[in-house]
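Inspection log for the structure reproduced underneath, given as structure tokens.
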Amino acid sequence: MLKAVLFDMDGVIVDTEPLHRKAYYQMFNDVNINVDDVLYESFTGQSTINICKRLVDHFNLTVNPEHLVAIKRKHFKYLFEHDSDLTLIEGVLERIKDYHANGLKLVVASSASMPNINRIFTRFELNPFFIGKFSGADLKKSKPHPEIFFKAAAHTGFKKSECMVIEDSTNGIKAAHSAGIFCVGFKSEHSSGQDYTRANVVISHFDEITYSKAQNFFKAV
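The following block contains the structure:
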């Protein structure tokens with residue numbers, strides 16, 4: 001029986017991708033590197049520090065990864081406060097309220113930094129529905145490593161077999177699969193170029209995983 005849901009944030013709860021993309025490309029311009037679409041798409045689901053480590057290695061940069069992180073976060077903070085593109089994913093608030101009303105424990109497990117998670121949760125008044133938040137930026141290993149889902153599942157107090165992950169990225173789905181947790185792959189217009197083959201179920205709208213439908217998935221496992 002399903003008792004807890006572990007949500008990714010970027011691309012699942014909120015559409016921050018346009019803002020992150022703008023912030024990253026402003027940072028790329030600041031340090032004069034040319035990142036193509038294939039390389040950029042491979043970053044999906046990874047923490048900012050790990051992405052910046054990859055950039056330093058890939059482009060043989062003389063600056064350290066932390067410097068790149070600081071530049072990117074400066075741009076993101078400005079965009080968060082001034083850009084009108086930031087919205088919740090269609091249908092996710094109804095699903096969060098549905099799960100919460102039916103007694104499921106909800107945890108966010110995101111590669112975003114904790115300050116960004118808190119900004120989103122405050123702006124969209126999500127805190128009352130969730131019992132915990134985990135940031136991959138605070139962990140030793142980033143997705144696709146399963147560490148964040150091990151910790152998030154343990155926080156619910158339930159077995160992994162009673163938890164469900166909702167993810168939109170290749171790296172996040174790999175992490176859930178490696179953790180041995182049932183994974184819903186959320187395939188949306190914001191998650192192009194991602195691999196959903198390891199997801200247990202693939203959806204394109206949150207209407208497909210209402211509380212009752214999600215419970216039926218678990219009965220079928």
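Under the working numbering, the first residue of the sequence shown is numbered 1, with each subsequent residue one higher.
Built from N, CA and C at the ideal position, the CB exists for glycine as well.
Bear in mind that the values here come from a model prediction, so they are computed numbers and not experimental data.
**Report entry** Spatial distance of serine 47 from asparagine 32 (CA atoms)
**Finding:** If you number the sequence shown from 1, residue 47 lands on position 47. If you number the sequence shown from 1, residue 32 lands on position 32. Between the alpha carbons of serine 47 and asparagine 32 lies a gap of roughly 21 Å.
Report task. Output the distance between the C-alpha atoms of tyrosine 24 and lysine 219, rounded to the nearest integer angstrom. Result -> Position 24 of the sequence shown, counting from 1, holds the residue named residue 24. Position 219 of the sequence shown, counting from 1, holds the residue named residue 219. Counting only the Cα atoms, lysine 219 lies some 42 Å from tyrosine 24.
Query raised in the report: Using DSSP with H/G/I as helix, E/B as strand and the rest coil, what is serine 111?
Result: Reading the sequence shown from its first residue, position 111 is the one you call residue 111. In the structure shown, serine 111 sits in coil (DSSP, three-state: anything other than H, G, I, E or B).
Query - Chain-order list of residues whose beta-carbon lies under 7 Å from that of serine 142 (same chain, five-residue window excluded) - result: Stepping through the sequence shown from its first residue, residue 142 is reached at position 142. Excluding sequence positions up to five before and after serine 142, its CB lies within less than 7 Å of the CB of Gln46, Ser47, Asn50, Ser111, Gly136, all in the same chain and listed in chain order.
Query raised in the report: Does the pairing of the stretch 146–159 with the stretch 174–181 give three or more beta-carbon distances under 8 Å?
Result: Cβ pair count under 8 Å is three or more, so yes.
**Report entry** Terminal residues of the beta strand (DSSP E) in which glycine 132 lies
**Finding:** Locating residue 132 in the sequence shown gives position 132, counting from the first residue. For glycine 132, the enclosing beta strand (DSSP E) stretches over residues 132–135.
Query raised in the report: Could you give the residue range of the beta strand (DSSP E) that holds valine 172?
Result: Residue numbering aside, residue 172 sits at position 172 when the sequence shown is read from its first letter. A small correction: the amino acid at residue 172 is glycine; valine does not occupy that position in the sequence shown. No beta strand (DSSP E) contains glycine 172, which is instead part of the alpha helix (DSSP H) from 170–179.
Report task. Using 10 angstroms around the beta-carbon of serine 84, count the other beta-carbons present and answer buried if the total reaches 16, otherwise exposed. Result -> As a first step, residue 84 must be located in the sequence shown, where it is residue number 84. When all chains shown are included, serine 84 counts as exposed.
Query - Identified DSSP bridge partners for glutamate 203 - result: Looking up residue 203 in the sequence shown gives position 203. Correcting the residue identity first, residue 203 is isoleucine in this sequence and not glutamate. Per DSSP, the beta-bridge partners of isoleucine 203 are Phe186.
Query raised in the report: Do you know offhand how far phenylalanine 80's Cα is from serine 212's?
Result: As a working note, residue 80 is residue 80 in the sequence shown. As a working note, residue 212 is residue 212 in the sequence shown. Approximately 35 Å between the Cα atoms of the pair.
Report task. State the Cα-Cα distance for the pair glycine 180 and lysine 159, rounded to the nearest angstrom. Result -> For the purposes of this step, residue 180 is identified with residue 180 of the sequence shown, where counting begins at 1. For the purposes of this step, residue 159 is identified with residue 159 of the sequence shown, where counting begins at 1. Taking the straight line from one Cα to the other gives about 11 Å.
Requested in this report: Report the option in Asp8, Arg198, Ile71, Cys52 whose CA atom is closest to the CA atom of aspartate 30.
Outcome: Locating residue 30 in the sequence shown gives position 30, where the first residue counts as 1. Nearest of Asp8, Arg198, Ile71, Cys52 to aspartate 30, Cα basis: Ile71.
**Report entry** alpha helix (DSSP H) segment containing phenylalanine 129, residue limits
**Finding:** Residue mapping note: residue 129 aligns to position 129 of the sequence shown, counting from 1. Neither: phenylalanine 129 is in no alpha helix (DSSP H) and is coded neither H nor E.
Query - lysine 143 in three-state terms, based on DSSP - result: In the sequence shown, counting from the first residue as 1, residue 143 sits at position 143. Note: lysine 143 maps to coil in three-state DSSP.
Query raised in the report: Should glycine 11 go down as buried or exposed, given a rule of 16 or more other Cβ atoms within 10 Å for buried?
Result: In the sequence shown, the residue the question calls residue 11 occupies position 11. Looking at its Cβ environment, which holds 16 or more other Cβ atoms inside 10 Å, glycine 11 is buried.
Query - 8 Å Cβ shell around isoleucine 15 - same chain, five flanking residues per side excluded - result: Stepping through the sequence shown from its first residue, residue 15 is reached at position 15. Looking at the sequence provided, one finds aspartate at residue 15 rather than isoleucine. Correct list, in chain order: Asp85, Leu86, Thr87, Leu88, Ile89, His190.
Query raised in the report: Do you know whose CA, among His75, Asn127, Phe76, lies nearest lysine 97's CA?
Result: In the sequence shown, counting from the first residue as 1, residue 97 sits at position 97. The candidate whose alpha carbon is nearest that of lysine 97 is Asn127.
Query raised in the report: Do lysine 133 and isoleucine 117 have their C-beta atoms within less than 7 Å of each other?
Result: For the purposes of this step, residue 133 is taken as residue 133 along the sequence shown, with counting starting at 1. For the purposes of this step, residue 117 is taken as residue 117 along the sequence shown, with counting starting at 1. Judged by their CB atoms, lysine 133 and isoleucine 117 are nearer to each other than the 7 Å cut-off.
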